[in-house]
Amino acid sequence: MASVPLVLSIALSAALFMSFTVGANSNSAPVAPAVGANALSVLRAALLVGIVAGLGAILQGGSISETIGKDLVTGVAITPIAAAAALLTAATLITIGNTYGYPIPSAFTVTGAMIGSGIALGGGFAVHEYVVILGFWFAIPIVEAVLAYGLARGLRSDSIPETVGIPVLGGAVGYALANIQLTVIPTASGAQGSVARYLATTSQLLPTVVGGSYTLGMVVVSALCGLVALVGTRGLLRRDETAGINQFLVVLGLIVVFTSGGSQVGLATGPLEAVFETDLQLPSIFLLTLGGGGILLGAWIRGPRLVQAVSNEYASLGPRRSIAALIPAFLIAQLAIVLGIPISFNKVMIASIVGSGLAASSSGGSGVSPRKVGITLGSWVGSMLGAGLVSYGLYHLLTAVPSVG
């Protein structure tokens with residue numbers, strides 16, 4: 003039987019490897035439009051991506067990490083060997099896919115790998131959780147495409163001046179930012195809280211409930227944050243419209259990068275949730291910091307090349323369609339964080355780009371390739387099933403090795 007330190011070292015190394023892989027491949031897209039518009043240099047974009055995505059991982063990654071680590075199989079607690087098998091499987095498959103140019107979505111791969119190793123460990127299928135996750139996944143392309151299409155059409159419309167439409171969108175983003183959940187703002191129940199809830203609660207501002215636990219005071223705080231964002235965005239555009247749009251692209255891109263870090267770190271840290279809780283007896287913030295550090299390193303080491311490559315592809319979108327793609331991606335990813343549902347952020351971005359691309363197609367521009375969409379959908383299904391089978395086999399292989407199992 004292997005010593006506990008050896009097994010934990012394997013699992014921790016696998017988590018760091020996975021977070022590095024996620025950092026290298028899943029966080030560059032949001033800043034690509036700003037780089038394509040020459041509002042950011044490639045190196046500065048990669049530097050900012052690493053820092054901002056790492057912060058997002060630490061401040062927002064807890065809910066999805068818990069889902070990955072505790073809710074995908076029933077009847078068992080994930081052991082270090084099972085975690086290592088899932089993480090090594092997912093990170094290896096994603097790396098191979100990226101090397102050969104095949105799109106391997108991280109959420110599908112990690113989810114499949116965790117189910118495979120959990121079943122190999124003796125657990126059962128968490129059918130209800132799968133229904134919720136799959137329902138969300140299937141809804142993403144539809145909701146994203148509709149939102150992005152509507153925004154892109156609105157921004158291209160002559161009846162809505164850009165000095166009005168873009169500031170309104172900035173205000174909507176500001177309203178949403180006031181309500182995102184952050185680890186550093188705990189609530190009375192111990193869950194993550196938001197700026198709007200914290201300020202409304204501590205000041206006892208209009209505690210009348212308007213829905214669920216959302217109060218009128220939270221609406222007021224959120225509206226004020228949205229107003230500040232609207233006025234700030236309008237000020238940028240009034241000074242210089244083109245430069246203002248590019249500056250808005252930079253800020254919006256970094257906000258989406260922050261969200262990406264929060265939604266993706268759980269794919270690397272989730273398998274170790276039970277290990278940190280039982281074997282190491284450490285709070286989850288240490289685990290999220292490990293994942294955030296791996297994401298930062300991945301973004302810094304491999305990010306410049308990927309930012310350059312992706313920015314060339316995004317240059318054809320233009321700033322308006324890029325804005326129309328980024329805002330729905332931000333909103334859907336934040337909803338996934340609230341619900342604790344693992345998502346592939348690249349999948350979210352693709353769905354938004356498809357929607358904004360349809361708007362261009364209907365206006366006589368370049369559209370969306372059905373062949374590329376079909377290949378992407380096939381890769382999503384295949385990656386989940388394949389990761390589950392490989393992880394199942396790898397777990398049994400590791401347990402058969404005397405020095406490990």
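Residue 3 is where the sequence shown starts when you use this note's numbering, and the numbers rise one by one after that. For glycine and all other residues, C-beta sits at the position ideal for the given N, C-alpha and C.
Counting the other CB atoms within 10 Å of its CB gives alanine 39 a total of 16 or more, which places it among the buried residues. Closest option to glutamate 164, judged by alpha-carbon separation, among Ala245, Leu289 and Ala335: Ala245. With three or more CB-CB distances shorter than 8 Å, the region 128-137 counts as touching the region 68-77. Between the region 329-349 and the region 290-304 there are fewer than three inter-stretch CB-CB distances shorter than 8 Å, so the stretches are not counted as touching.
Out of Gly25, Leu274 and Gly388, the CA that lies nearest to the CA of isoleucine 53 is found in Gly25. A distance below 7 Å between beta-carbons, with the five flanking residues on each side excluded, links proline 169 to the following residues of its chain, in chain order: Leu232, Thr235, Arg236 and Leu239. Collapsing the DSSP output to three states places glutamine 266 in a helix. Glycine 195 carries a strand assignment under DSSP once its states are collapsed to helix, strand and coil.
The beta carbons of valine 277 and leucine 10 sit closer together than 8 Å. Counting other Cβ atoms within 10 Å of its Cβ, tyrosine 102 stays below 16 and is therefore classed as exposed. In this chain, the beta strand (DSSP E) harbouring glycine 213 covers 211-213.
Per the Cβ contact rule, the region 254-262 is in contact with the region 19-38 (3 or more Cβ pairs under 8 Å). Looking at the DSSP output, valine 75 shares a beta bridge with Phe127.
With respect to the C-alpha of valine 253, the residue from Ala270, Asp242 and Gly172 having the closest C-alpha is Gly172. A Cβ-Cβ contact shorter than 8 Å links proline 306 with valine 44. The three-state reading of DSSP puts valine 277 in helix, counting H, G and I together. In the structure shown, leucine 328 falls within a helical segment according to DSSP collapsed to helix, strand and coil. According to the DSSP assignment, threonine 185 belongs to no alpha helix (DSSP H) but to the beta strand (DSSP E) extending over 184-188. In this structure, DSSP gives threonine 111 a helical state, which the three-state scheme calls helix. Non-local C-beta neighbours of isoleucine 247 in its own chain, meaning closer than 6 Å and more than five positions away in sequence, comprise Pro321, ordered along the chain. Here the alpha carbon of leucine 90 sits roughly 10 Å from the alpha carbon of isoleucine 96. Scanning Phe140, Glu68, Arg158 and Thr280 for the CA closest to the CA of methionine 116 turns up Glu68. Between the region 291-299 and the region 13-21 there are three or more inter-stretch CB-CB distances shorter than 8 Å, so the stretches are counted as touching. Of the candidates Ile144, Ala17, Ser119 and Ala16, Ile144 places its Cα closest to the Cα of isoleucine 355. In this structure, the CA atom of glycine 228 is about 25 Å from the CA atom of serine 65.
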